[in-house]
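Asks: Please read through the structure below; I'll follow up with questions.
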Amino acid sequence: MPQLLPGSDLYFLLWDVARLWRQALERAVGSSGLALTAGEVRTLANVAHYGGLRQTALAERMGIEPMTLSGFLEPLEKQGLVTRSVDPTDRRAKVIEATPAAFEVFERLRVPVGSIFDEVTTSVGPLSVETLEALLLAMRGALGSVSAAPTPAPAVLPKVA
Numbered sequence: 331m332p333q334l335l336p337g338s339d340l341y342f343l344l345w346d347v348a349r350l351w352r353q354a355l356e357r358a359v360g361s362s363g364l365a366l367t368a369g370e371v372r373t374l375a376n377v378a379h380y381g382g383l384r385q386t387a388l389a390e391r392m393g394i395e396p397m398t399l400s401g402f403l404e405p406l407e408k409q410g411l412v413t414r415s416v417d418p419t420d421r422r423a424k425v426i427e428a429t430p431a432a433f434e435v436f437e438r439l440r441v442p443v444g445s446i447f448d449e450v451t452t453s454v455g456p457l458s459v460e461t462l463e464a465l466l467l468a469m470r471g472a473l474g475s476v477s478a479a480p481t482p483a484p485a486v487l488p489k490v491a
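Under this note's numbering, the letters of the sequence shown match residues 331 to 491, in that order.
What follows is the structure, given as structure tokens:
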């Protein structure tokens, strides 16, 4: 099959790997016995990793709508896994933090998620994993620059008769 656009083979490969990785993690969360959805665990992981962000900044970082994030945060807050507090620099904004109980969730997920990681990375070896991480970081940085650039107006395509 011909390449649709430059880089489309890489695009589809990255998309498939991300989709399959997410499905494996969803199965791990589902079998963990935790009363959390995969979306809630993803949210909790982002809060723990990027703690102290405003709710809107966290939604942007996760690539989801603020209302979607709010739907994930409510049960996490009810379970005592995150706190939402008023931002001291802007009383209209909420700052999200993980609680110590959140890290107990990660302890419960350490073995099932670790076995997924081991299964995925064993075939390529540690040096390849380090190289892949470096390449993806570089690509993320470049895409961040592209995302910050103004979006050109869409081209008007001619009508096909």
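Don't be surprised by glycine CBs; every beta carbon is placed ideally from N, CA and C.
Count the other CB atoms, across all protein chains shown, that sit within 10 Å of the CB of ALA432; report buried if there are 16 or more and exposed otherwise.
Replies: To locate residue 432, count along the sequence shown from 1; it is residue 102. Label assigned to ALA432: buried.
Asks: Tell me whether THR451 sits in a helix, a strand or coil according to DSSP, three-state version.
Replies: As a first step, residue 451 is located in the sequence shown; it is residue number 121 there, counting from the start. Helix.
Asks: Assuming LEU374 and LEU399 make a contact with CB atoms under 8 Å, what is their CB distance in whole Å?
Replies: Here residue 374 refers to the residue found at position 44 of the sequence shown. Here residue 399 refers to the residue found at position 69 of the sequence shown. With a Cβ gap of about 12 Å, LEU374 and LEU399 do not count as contacting.
Asks: Using a Cβ-Cβ cut-off of 7 Å (strictly less than) and excluding sequence neighbours within five positions of SER362, which residues of its own chain qualify?
Replies: Residue numbering aside, residue 362 sits at position 32 when the sequence shown is read from its first letter. ARG438, LEU439 and PRO442.
Asks: So, VAL435 versus LYS424, is the Cβ gap smaller than 8 Å?
Replies: Counting from 1 along the sequence shown, the entry for residue 435 is found at position 105. Counting from 1 along the sequence shown, the entry for residue 424 is found at position 94. No. Outside cutoff.
Asks: So what's GLU395 in DSSP terms, helix, strand or just coil?
Replies: As a working mapping, residue 395 is identified with position 65 in the sequence shown. Note: GLU395 maps to coil in three-state DSSP.
Asks: Using only CA atoms, which one of THR367, PRO430 and ASP420 lies nearest to LEU403?
Replies: For the purposes of this step, residue 403 is taken as the residue at position 73 of the sequence shown. Of the listed residues, the one whose Cα sits closest to LEU403 is THR367.
Asks: Would you mind sorting VAL377 into buried or exposed? The rule is 16 or more other CB atoms within 10 Å of its CB.
Replies: Sequence index remark: in the sequence shown, residue 377 carries index 47 (1-based). Counting Cβ neighbours within 10 Å, VAL377 comes out buried, since at least 16 surround it.
Asks: Would you call the CB atoms of GLU427 and GLY382 closer than 8 Å?
Replies: Here residue 427 corresponds to residue number 97 of the sequence shown, with the count starting at 1. Here residue 382 corresponds to residue number 52 of the sequence shown, with the count starting at 1. Yes, Cβ-Cβ distance for GLU427 and GLY382 is below 8 Å.
Asks: Would you say ALA348 and ILE446 are within 8 Å of each other, going by their C-beta atoms?
Replies: Numbered from its first residue, the sequence shown carries residue 348 at position 18. Numbered from its first residue, the sequence shown carries residue 446 at position 116. For ALA348 and ILE446, no; Cβs fall outside 8 Å.
Asks: Would you call the CB atoms of ALA389 and GLU395 closer than 8 Å?
Replies: The residue you call residue 389 lines up with position 59 of the sequence shown. The residue you call residue 395 lines up with position 65 of the sequence shown. Result yes, Cβ atoms of ALA389 and GLU395 sit closer than 8 Å.
Asks: Could you tell me which whole alpha helix (DSSP H) segments of length 4 or greater appear in the stretch 399-440?
Replies: None, since the stretch 399-440 contains no complete alpha helix (DSSP H) of that length.
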